[in-house]
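Chemist: Sharing a structure below in structure tokens format, with a few things to ask.
There are 2 protein chains.
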Amino acid sequence: MTVSAGVPLVDLDAALLESVAFDSRGLVTAVVQDAASRDVLMVAHMDREALERTIASGRSWFFSRSRGEHWCKGETSGDRQFVREVRVDCDGDAVLLLVDQHGDGACHTKEWSCFYRVLASGPGVPAPGREREGTGH
Amino acid sequence: MTVSAGVPLVDLDAALLESVAFDSRGLVTAVVQDAASRDVLMVAHMDREALERTIASGRSWFFSRSRGEHWCKGETSGDRQFVREVRVDCDGDAVLLLVDQHGDGACHTKEWSCFYRVLASGPGVPAPGREREGTGH
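In the order they appear, the protein sequences are chains A and G.
For what it's worth, the working numbering labels the leading residue of the first sequence as 225, then goes sequentially.
For what it's worth, the working numbering labels the leading residue of the second sequence as 225, then goes sequentially.
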């Protein structure tokens, strides 16, 4: 597949890459966050090749469990993600992508975020000493 | 387990709850975002009971795959999460919790976010017409 060029990522932490804990299917959970709005956009999965393609291309690549193939976000829809940063969580089984989301948004429904539906809500409990800010988009 | 009281969530969308697509293990991916800073804090898993406990208590409950038991974030460490909102993604197999994070942070290492390690980074490609903002904490 030919994809629109992104900007390759640099400053790769090779030891951290080796520590990524792919599961028995060879996958880690990938959370995608919009770097500008900081909205959580979507959750998908990556195998090692998808992670390496993401780093090499600066585009977000995933592995589809249902289709059994790699896919580059937005290549069909035009709603591309250009990656600013890949982070790894403490136990290495999830990655966080900070992206510039282009087009209409991350969701195939054309919503900006896949998490556009609210299941339940409440006031929370503000943490002592921290400013109370909004949760909205 | 006795947990510190949160504020129960309201305005439950019962039809949306029924549509949550638990996998063959009975789990969905749960992404936790700090409602104030909008940092992505952690990724864990929920079964239906953890989701219902979260809604009923306003605290974040998860299911540990390794220990085979439910756990309430922060009950041991004191780094509690009080839930403001639960969102569901487009295909129903992931939920997003917006929380007030208390204590030292979400990570057992005492980092604020479990995603404290950067694997690789780059400039991204700003989306046309959108402001360029920082990615930092």
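Even glycine gets a Cβ: it sits at the ideal position worked out from N, Cα and C.
By the criterion of Cβ-Cβ separation under 7 Å, what are the contact partners of T253 of chain A in chain G?
Modeler: T253 and V267
Chemist: So R308 of chain G and G346 of chain A are supposed to be a Cβ contact under 8 Å. How far apart are they, rounded?
Modeler: 6 Å
Chemist: Which of the residues in the region 321 to 348 of chain A, read from start to end, lie with their CB under 9 Å from any CB of chain G?
Modeler: L322, V323, D324, Q325, H326, G327, C331, H332, T333, E335, S337, C338, F339, Y340, R341, V342, L343, A344, S345, G346, P347 and G348
Chemist: Between C314 of chain G and chain A, is there a C-beta pair that is closer than 8 Å?
Modeler: yes
Chemist: Is the region 281 to 293 of chain G touching the region 228 to 235 of chain A, taking contact as three or more C-beta pairs under 8 Å?
Modeler: Because the criterion of three Cβ pairs below 8 Å is not met, the region 281 to 293 of chain G and the region 228 to 235 of chain A do not touch.
Chemist: Measure the Cβ-Cβ separation of S248 of chain G and G316 of chain G and say whether it is below 8 Å.
Modeler: Taking 8 Å as the cut-off, the beta carbon of S248 of chain G is found no closer than this to the beta carbon of G316 of chain G.
Chemist: Going straight from the alpha carbon of H332 of chain A to that of C338 of chain A, what length do you get?
Modeler: 8 Å
Chemist: Can the beta-carbon of D324 of chain A be found closer than 8 Å to that of G348 of chain G?
Modeler: yes
Chemist: Can you tell me the Cβ-Cβ gap for V255 of chain G and A318 of chain G, rounded? I've got them flagged as a contact below 8 Å.
Modeler: Correct: roughly 7 Å between the Cβ atoms.
Chemist: Please work out which residues of its chain come closer than 6 Å, Cβ to Cβ, to A260 of chain A, disregarding the five sequence neighbours upstream and downstream, and give them in chain order.
Modeler: none
Chemist: Please report how far the alpha carbon of A229 of chain G lies from the alpha carbon of G327 of chain A, in whole angstroms.
Modeler: Taking the straight line from one Cα to the other gives about 42 Å.
Chemist: I need the DSSP call for E335 of chain G, collapsed to helix, strand or coil.
Modeler: coil
Chemist: By the 10 Å Cβ neighbour count, where 16 or more other Cβ atoms means buried, how is S166 of chain G classified, buried or exposed?
Modeler: Here chain G covers residues 225 to 361 and nothing more, so residue 166 of chain G does not appear.
Chemist: Is it buried or exposed, K297 of chain A, if we count other Cβ atoms within 10 angstroms and call 16 or more buried?
Modeler: buried
Chemist: Using a C-beta to C-beta distance shorter than 8 Å, which residues of chain G count as neighbours of G282 of chain A?
Modeler: G346, G348 and V349
Chemist: Rounded C-beta distance between R311 of chain A and L343 of chain G? I'm assuming under 8 Å.
Modeler: 6 Å
Chemist: Could you tell me which residues DSSP pairs with E293 of chain G in its beta bridges?
Modeler: G:S288
Chemist: What residue range is occupied by the uninterrupted beta strand (DSSP E) comprising A238 of chain G?
Modeler: Not the beta strand (DSSP E): A238 of chain G falls in the alpha helix (DSSP H), residues A238 to S243.
Chemist: When the cut-off is 8 Å and only beta carbons count, does V264 of chain G lie next to chain A?
Modeler: Output row for V264 of chain G: interface = yes.
Chemist: For G250 of chain A and chain G, any beta-carbon pair shorter than 8 Å?
Modeler: False, the Cβ-Cβ gap to chain G never drops below 8 Å.
Chemist: Using a cut-off of 7 Å between C-beta atoms, extract the partners of S230 of chain A located in chain G.
Modeler: The identity of residue 230 of chain A in the sequence shown is Gly, whereas the question assumes Ser. The answer, in chain order, is V349.
Chemist: What span of residues does the alpha helix (DSSP H) with L377 of chain G cover, start to end?
Modeler: The structure shown does not extend to residue 377 of chain G, since chain G spans only 225 to 361, so no value can be given for it.
Chemist: In angstroms with no decimal places, state the Cα-to-Cα distance between C314 of chain G and G250 of chain A.
Modeler: 24 Å
Chemist: Measure how close the beta-carbons of V267 of chain A and T253 of chain G come, nearest whole angstrom, since I'm counting them as under 8 Å.
Modeler: Yes, they are in contact, since the Cβ atoms of V267 of chain A and T253 of chain G sit about 6 Å apart, within 8 Å.
Chemist: Using only alpha-carbon positions, find the residue among G:R341, G:L320 and G:R277 that is nearest to R262 of chain G.
Modeler: G:L320
Chemist: S248 of chain G by DSSP, collapsed to three states: which one?
Modeler: coil
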